[in-house]
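Here is the structure we will look at.
Protein chains in written order, with our numbering: chain G, 1 to 112; chain S, 113 to 227.
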C-alpha cells in the first residue's frame, strides 16, 4: 500500500496568518494516464471531511482562493493564507492513483 | 443539490453483523462510484472499498475483504455496506462518499460493538 506521510501533526497558527502542510507518498502518484490523483480534505469537529483541493491544485466548488495546493510526484503541499476561524480542524491528504486508496495521518490546524 | 443520508447509530453484539445504508439524491446515482470509509479516533481514515452503481462492480481494500460487502439498490439510489463478524476492532464511524474524488460525504454512522 502507498504510505502517505503528513507533517506536521499539529500546526498552531494565528488568525490572519499562513499555514503550510506537507504530504509525502511512498511512491509516485503519477497515474499511467498522466494525471496525479492527490487530494486534500478538511474535517471540522463533529463533521465529515470536505473536499478542498483535487488533483493536486484544483480548488473544489466554493473553496476560497486562500487555499492552494502544489507539488508533484511524491511531494505535495497545501497552503492556507489569511487563516480564518472556519479553517480550523483536521486536514488530510488522500491518494487515489493506486489501490487501495490511502490517507495521510492528518494535521490538526489550531490556534496559537 | 447532492445529498448523502446515512442510517443511524448502531449498537451491535460481538460476532453479529450490521447493514449500513447511504441514501443519495441530487445526482445520477447509476453512473457513480460510491466508497465506504472507516474512521477511528486517532484520527485516521481508511478506505474500505467502492462499488460502481451502474453494474455493481466492486473494488475492496484487501484489509476489508471478508469483513465488508458493498451493494447498491439503483431503484432507491441507495448504497449499502454489510459488516460481518463484528469485533471491538470494528467500532468506528463509517462514512459513504461519492465519486473518484470523494467530493461529497455522508454524515457518518457510528457503530459500537459491545455485549
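The beta carbon of each residue, even a glycine, is placed where N, CA and C say it ideally should be.
**OP:** Would you verify that the beta carbon of residue 213 of chain S is, or is not, closer than 8 Å to some beta carbon of chain B?
**Re:** Absence of chain B from the displayed structure is noted, the protein chains being G and S.
Subject >> Straight-line Cα distance separating residue 11 of chain G from residue 212 of chain S >> reply: Taking the first residue of the second chain as 1, we reach residue 212 of chain S at position 100. Taking the first residue of the first chain as 1, we reach residue 11 of chain G at position 11. The straight-line gap from Cα to Cα measures roughly 29 Å.
Original post:
Can you tell me where the beta strand (DSSP E) with residue 39 of chain G in it begins and where it stops?
Top reply: What you label residue 39 of chain G is simply residue 39 of the first chain in a count that begins at 1. Unbroken beta strand (DSSP E) run through residue 39 of chain G: 38 to 43.
**OP:** With a threshold of 16 other CB atoms inside 10 Å of the CB of residue 136 of chain S, please say whether the residue is buried or exposed.
**Re:** On the second chain, residue 136 of chain S is found 24 positions in, with the first residue counted as 1. So residue 136 of chain S ends up on the buried side.
Original post:
Can we say the stretch 177 to 192 of chain S touches the stretch 65 to 79 of chain G, given the rule of at least three CB pairs closer than 8 Å?
Top reply: no
Original post:
Since residue 86 of chain G sits in a beta bridge, which residues does DSSP pair it with?
Top reply: By 1-based counting over the first chain, the position of residue 86 of chain G is 86. Looking at the DSSP assignment, residue 86 of chain G forms no beta bridge with any residue, so it has no partner.
Subject >> Continuous beta strand (DSSP E) stretch holding residue 149 of chain S: start and end >> reply: Position 37 of the second chain holds residue 149 of chain S. Start and end: 145 to 152.
Subject >> Contact between the stretch 5 to 25 of chain G and the stretch 78 to 96 of chain G (3+ Cβ pairs under 8 Å) >> reply: yes
**OP:** Could you spell out the range, first to last residue, of the beta strand (DSSP E) harbouring residue 194 of chain S?
**Re:** Looking up residue 194 of chain S in the second chain gives position 82. First-last of the beta strand (DSSP E) with residue 194 of chain S: 190 to 195.
Original post:
Out of curiosity, what's the CA-to-CA distance linking residue 102 of chain G and residue 95 of chain G?
Top reply: Along the first chain, read from residue 1 onward, the residue named residue 102 of chain G stands at position 102. Along the first chain, read from residue 1 onward, the residue named residue 95 of chain G stands at position 95. Inter-residue distance for residue 102 of chain G and residue 95 of chain G is about 6 Å (C-alpha atoms, whole angstroms).
**OP:** May I ask you to list, following chain order, the residues of the stretch 30 to 51 of chain G that have a beta carbon less than 9 Å from some beta carbon of chain S?
**Re:** 37, 39, 41, 43, 47, 48, 49, 50 and 51
Original post:
Ends of the beta strand (DSSP E) at residue 79 of chain G?
Top reply: Translated into positions along the first chain, residue 79 of chain G becomes position 79. Run containing residue 79 of chain G: 75 to 80, per the beta strand (DSSP E) assignment.
Original post:
Considering only residues of the same chain and omitting the five flanking positions on each side of residue 112 of chain G, which have a CB-CB separation below 7 Å?
Top reply: What you label residue 112 of chain G is simply residue 112 of the first chain in a count that begins at 1. Cβ within range, chain order: 12, 13 and 14.
Original post:
Which value, in whole angstroms, describes the spacing of the CA atoms of residue 64 of chain G and residue 227 of chain S?
Top reply: Translated into the one-based positions of the first chain, residue 64 of chain G becomes position 64. Translated into the one-based positions of the second chain, residue 227 of chain S becomes position 115. Their Cα atoms are separated by approximately 47 Å.
Subject >> Within 9 Å of chain G by C-beta, residues of the stretch 152 to 175 of chain S in sequence order >> reply: 154, 155, 156, 157, 158, 159, 160, 161, 162, 171, 172, 173, 174 and 175
Original post:
Using the C-alpha atoms, what's the distance from residue 98 of chain G back to residue 4 of chain G?
Top reply: For the purposes of this step, residue 4 of chain G is identified with residue 4 of the first chain, where counting begins at 1. For the purposes of this step, residue 98 of chain G is identified with residue 98 of the first chain, where counting begins at 1. Whole-angstrom Cα-Cα distance: 12 Å.
Original post:
So, do the stretch 26 to 39 of chain G and the stretch 124 to 134 of chain S have three or more beta carbon pairs nearer to each other than 8 Å?
Top reply: Using a C-beta cut-off of 8 Å, the stretch 26 to 39 of chain G makes no contact with the stretch 124 to 134 of chain S, since fewer than three inter-stretch Cβ pairs fall below that distance.
Subject >> Residues in the stretch 51 to 64 of chain G having any Cβ partner in chain S nearer than 7 Å >> reply: 51, 54 and 60
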